[in-house]
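Residue numbers (my numbering): 37 to 480. For every residue, glycine included, the Cβ atom is placed at its ideal position computed from N, Cα and C. In this text the structure is predicted, and so the values were computed from the model without any measurement.
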Amino acid sequence: MAEQQEIQLWQTVQPVEFVPRIKDQSESQSLLIQTRQAVGYSVAGGQLAHAIQSRATHMLLDYTKASCAIRYQVDGAWEQLPPMERELGDAMLVAMKQLCLMNATDRRSTQAGKLGLKVAKSKFTLSLQSRGTPTGEQVMAKIEPDKVPFERMSDLGMRDKMHEQFKESLDAHGNNILITAPKAEGLTTTWNIALEAADKLVRDFQSFEHQEHPEPEIINVNPNYFGGDTGKDLASVVKSAILKEPDVLIFPEMPDAESMRLAVEQIKKTEKQIYARMVAPTAMQGLVAFLAKYKESAAEIASTVGAVIGQRLVRRLCDQCKVGFEPAPQLLNQLGIPAGRVAMLYKPFIPPPIEQQVDENGRPAPIEPCGACAGRGYHGRIAIFELLVPGDKLKAALLKTQDLNQLNQIAKSEGHRGMQAEAVLTVARGLTSLDELKKVFAKR
Ligand SMILES: [Zn+2]
37 MAEQQEIQLW
47 QTVQPVEFVP
57 RIKDQSESQS
67 LLIQTRQAVG
77 YSVAGGQLAH
87 AIQSRATHML
97 LDYTKASCAI
107 RYQVDGAWEQ
117 LPPMERELGD
127 AMLVAMKQLC
137 LMNATDRRST
147 QAGKLGLKVA
157 KSKFTLSLQS
167 RGTPTGEQVM
177 AKIEPDKVPF
187 ERMSDLGMRD
197 KMHEQFKESL
207 DAHGNNILIT
217 APKAEGLTTT
227 WNIALEAADK
237 LVRDFQSFEH
247 QEHPEPEIIN
257 VNPNYFGGDT
267 GKDLASVVKS
277 AILKEPDVLI
287 FPEMPDAESM
297 RLAVEQIKKT
307 EKQIYARMVA
317 PTAMQGLVAF
327 LAKYKESAAE
337 IASTVGAVIG
347 QRLVRRLCDQ
357 CKVGFEPAPQ
367 LLNQLGIPAG
377 RVAMLYKPFI
387 PPPIEQQVDE
397 NGRPAPIEPC
407 GACAGRGYHG
417 RIAIFELLVP
427 GDKLKAALLK
437 TQDLNQLNQI
447 AKSEGHRGMQ
457 AEAVLTVARG
467 LTSLDELKKV
477 FAKR
C-alpha cells in the first residue's frame with residue numbers, strides 16, 4: 037500500500053521514556069529490555085508522545101478487523117486521527133500492555149494497568165484499560181500529568197474579585213465551606229487548589245480520608261485514615277481528631293451523619309471550620325442536597341455556611357488566534373451586558389473554505405493553522421465559577437424549602453451572581469466564546 041510509505045504520526049515526535057511501576061530496579065530494567073526487542077515498543081513510545089504533544093488527556097483505540105481507529109480527547113472534545121494499520125496497532129498494544137504489567141495475549145477480558153511516562157522533565161501516569169469487543173478490542177488510555185499544571189484559583193479561571201471573597205471565607209472562623217462541581221468537571225483540581233489557597237501556615241488542618249482512596253499529599257494538611265485495615269470508622273477518627281482542636285476539618289468525601297454532627301458541633305463551639313467536597317450541578321443544588329443529607333444538623337449547617345463554590349468547565353479561547361468582534365447592541369442586550377460596558381467580544385478563528393484561501397491573484401494560498409492551538413481555536417480549559425455566600429434571608433429559607441427557583445430568587449436579591457451571569461462575564465473577559473457556552477450549557 038502507498039499509505040505505508042507515508043510518515044505516520046508516531047514517527048514525527050521524540051518517543052516517551054517508559055517507567056514501569058515496578059519497585060525492583062533490575063526487574064524494571066529487564067522488562068524494558070525485553071519489550072524493546074519488538075517493533076511495538078517504538079510505536080507505543082511515539083504514539084504516546086504524540087498524544088501528549090497534542091495535549092490529549094485520553095486516547096481511545098478501537099480495533100476492528102482491518103485497522104486500529106485512534107481518537108484523542110483534547111480539552112474535553114474528541115478528535116479523530118488517521119487510523120493505524122491493524123498489524124502495527126496490535127504490536128503497539130502488546131508493548132503497552134506488557135509495560136503496564138497486563139496480560140498481552142488476552143484480548144477479551146477487561147484488564148487495567150498503569151505505567152509511568154517521561155517527556156523531557158515532565159512526568160505522566162498512563163492508565164490503560166482494555167476490553168474485548170465483537171470486532172476486536174477497545175482500549176482507553178488516560179494520560180495524566182503527575183504535577184497539576186495549576187497553582188492558583190485564577191489559573192483555573194476565577195476572577196480576582198471572587199477570589200478575594202472566596203479567600204476571605206476560606207480563612208474565616210466558625211463557618212463551613214462547600215466545594216462542588218458536576219461529575220467529571222474538574223472537582224478534584226479545584227478542591228486541591230482551594231486547599232493550597234487557604235492559609236495553612238499557622239492553622240491546623242485535619243483531613244478525613246478512606247484508607248483505600250487517600251487524597252494527594254498537600255503540605256500542612258494532616259490526613260486521618262479510616263476504613264480499610266485501620267479497623268476504625270470515620271466517627272471515631274473524627275472524635276479523636278477533635279480532641280486536638282484542629283482549626284479546619286476536611287471532608288473530601290461526604291461523611292456519615294454522625295461524623296458530620298460531631299464536626300458541626302465542634303465548629304459551632306470553637307469557631308473552627310469545615311471544608312467539604314461534593315458532586316453537584318450548581319452551588320445551590322449542592323447546598324440543598326448537603327442540608328438534605330444531614331437533616332439532624334441542618335439548622336447548624338445552614339446558620340454557619342460560609343461559601344459554596346459551583347463550577348462548569350469550558351474551553352479557553354486561544355490567545356494567539358482568537359478573533360475580536362464588536363457585539364451588536366441587540367446581542368449585548370440579550371446577554372444582559374449594559375451598553376458601553378464591553379467594546380469587544382471574541383470568537384475562535386475559523387479559516388474560510390479551502391477554495392477561498394487564495395492570494396490576491398487568485399492562486400491557492402492555504403492558511404497555516406495556528407501554531408499554539410493547532411487550528412482548534414481553543415487552548416486548554418478553564419472553569420466558570422459561581423460563589424454562593426448565603427445571607428440571613430437565604431439561610432433561613434434553606435430550612436423551609438428546597439424549591440430551587442425560590443432559593444435562587446432570594447440569593448439574587450442578596451446580590452448573588454448565578455452561573456449564567458458568571459458565564460457571560462467570562463465571555464466579556466475574552467476567555468471563552470458564546471458558541472462554547474451554548475455547547476456547554478445545552479449539555480444538561
Ligand atoms: Zn490558536
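### Message
If I follow the unbroken alpha helix (DSSP H) through residue 61, where does it start and stop?
### Response
For residue 61, the uninterrupted alpha helix (DSSP H) segment begins and ends at 61-72.
### Task
Pull up the distance between the alpha-carbon of residue 56 and that of residue 250, whole angstroms please.
Taking the straight line from one Cα to the other gives about 22 Å.
### Task
Return the CA-CA distance between residue 203 and residue 240, expressed in angstroms with no decimal places.
Each residue's alpha carbon lies about 17 Å from the other.
### Message
Here's a check: name, in chain order, each residue in its chain whose Cβ is nearer than 7 Å to the Cβ of residue 46, leaving out the five neighbours to either side.
### Response
Excluding sequence neighbours, residue 46 sits near 79, 82, 83 and 86.
### Task
Entirely within the stretch 255-291 and at least 3 residues each: give me those beta strand (DSSP E) ranges in chain order.
Listed in chain order, the beta strand (DSSP E) runs fully inside the stretch 255-291 are 257-262 and 284-287, counting runs of at least 3 residues.
### Message
Just checking residue 360 against ligand 1 - is the residue's beta carbon closer than 7 Å to any of the ligand's heavy atoms?
### Response
Incorrect: residue 360 has no Cβ contact closer than 7 Å to ligand 1.
#### Entry: Rounded straight-line distance, which links the Cα of residue 176 to that of residue 116
If you take the alpha carbons of residue 116 and residue 176, they lie about 14 Å apart.
### Message
Quick check: residue 227 and residue 313, are their CB atoms within less than 8 Å of each other?
### Response
Yes.
### Task
Would you mind sorting residue 38 into buried or exposed? The rule is 16 or more other CB atoms within 10 Å of its CB.
Per-residue confidence for residue 38 stands at a pLDDT of 47, beneath the threshold of 50, marking its modelled position as unreliable; no derived number is given.
#### Entry: Continuous alpha helix (DSSP H) stretch holding residue 431: start and end
That run of the alpha helix (DSSP H) goes 428-434.
### Query
First and last residue of the alpha helix (DSSP H) that includes residue 351?
No alpha helix (DSSP H) contains residue 351, which is instead part of the beta strand (DSSP E) from 341-353.
#### Entry: Pair within 8 Å by beta-carbon distance, residue 49 and residue 153
Not closer than 8 Å, so no.
### Message
Three Cβ pairs or more, each shorter than 8 Å: is that satisfied between the stretch 443-452 and the stretch 210-227?
### Response
Judged by Cβ distances under 8 Å, the stretch 443-452 makes no contact with the stretch 210-227, as fewer than three pairs qualify.
### Query
Between residue 408 and ligand 1, is the CB less than 7 Å from at least one heavy atom?
True, at least one ligand heavy atom lies under 7 Å from that Cβ.
### Message
Please identify the residue among 198, 160 and 199 whose C-alpha is closest to the C-alpha of residue 183.
### Response
A check of alpha carbon separations from residue 183 across 198, 160 and 199 identifies 160 as the nearest.
### Task
At 4 residues or longer, and completely inside the stretch 115-175: list those alpha helix (DSSP H) runs for me, N to C.
The DSSP assignment places 122-135 as complete runs of the alpha helix (DSSP H) inside the stretch 115-175, in order along the chain (cut-off: 4 residues).
### Query
Three-state secondary structure (DSSP) at residue 56?
If DSSP states are grouped into helix, strand and coil, residue 56 belongs with the strands.
### Minimum C-alpha distance to residue 332 - residue among 458, 296, 455 and 306
Nearest of 458, 296, 455 and 306 to residue 332, Cα basis: 296.
### Task
Report buried or exposed for residue 219, applying the criterion of at least 16 other Cβ atoms within 10 angstroms of its Cβ.
The residue in question, residue 219, is exposed, as its Cβ has fewer than 16 Cβ neighbours within 10 Å.
### Query
Is there at least one non-hydrogen atom of ligand 1 closer than 7 Å to the beta-carbon of residue 413?
Yes, since a heavy atom of ligand 1 falls inside the 7 Å radius drawn around the Cβ of residue 413.
### Task
Mind checking which residues open and close the alpha helix (DSSP H) that includes residue 79?
For residue 79, the enclosing alpha helix (DSSP H) begins and ends at 76-89.
### Query
According to DSSP, which residues form a beta bridge with residue 314?
DSSP output for residue 314 lists 216 as bridge partner(s).
### Query
Buried or exposed: which applies to residue 291, given that a residue is buried once 16 or more other Cβ atoms fall within 10 Å of its Cβ?
Buried: at least 16 other Cβ atoms inside 10 Å.
#### Entry: Rounded separation between residue 308 and residue 212 - CA only
Each residue's alpha carbon lies about 9 Å from the other.
### Message
Any heavy atom of ligand 1 inside 7 Å of the beta-carbon of residue 136?
### Response
Every heavy atom of ligand 1 is 7 Å or more from the Cβ of residue 136, so no.
### Secondary structure of residue 39, DSSP reduced to three states
With a pLDDT of only 49 at residue 39, under the threshold of 50, the placement of this residue in the model should not be trusted, and no figure is reported.
### Query
Is residue 356 near ligand 1, going by C-beta to nearest heavy atom under 7 Å?
It does: the Cβ of residue 356 is within 7 Å (strictly closer) of some heavy atom of ligand 1.
### Sequence-distant residues of the same chain with beta carbon closer than 8 Å to residue 303, five excluded per side
Leaving aside the five residues that flank residue 303 on each side, the residues in its chain whose CB is nearer than 8 Å to its CB run, in chain order, 210, 211, 212, 285, 309, 310 and 340.
### Message
To the nearest angstrom, how far is the alpha carbon of residue 287 from that of residue 180?
### Response
When only Cα atoms are considered, residue 287 and residue 180 end up about 24 Å apart.
### Query
Residues bridged to residue 330 by DSSP?
Checking the DSSP bridge columns, you'll see residue 330 has no partner listed.
### Query
Can you check whether the CB of residue 151 is closer than 8 Å to the CB of residue 129?
With contacts defined as CB atoms closer than 8 Å, residue 129 and residue 151 fail to qualify as a contacting pair.
### Task
Between the Cα of residue 169 and those of 145, 421, 119 and 149, spot the shortest distance and give me the residue it belongs to.
Distances from the CA of residue 169 to each of 145, 421, 119 and 149 were compared; the closest alpha carbon is that of 145.
### Query
Could one say the Cβ of residue 86 lies closer than 8 Å to chain C's Cβ atoms, at least one of them?
In the structure shown, chain C does not exist; there is a single protein chain.
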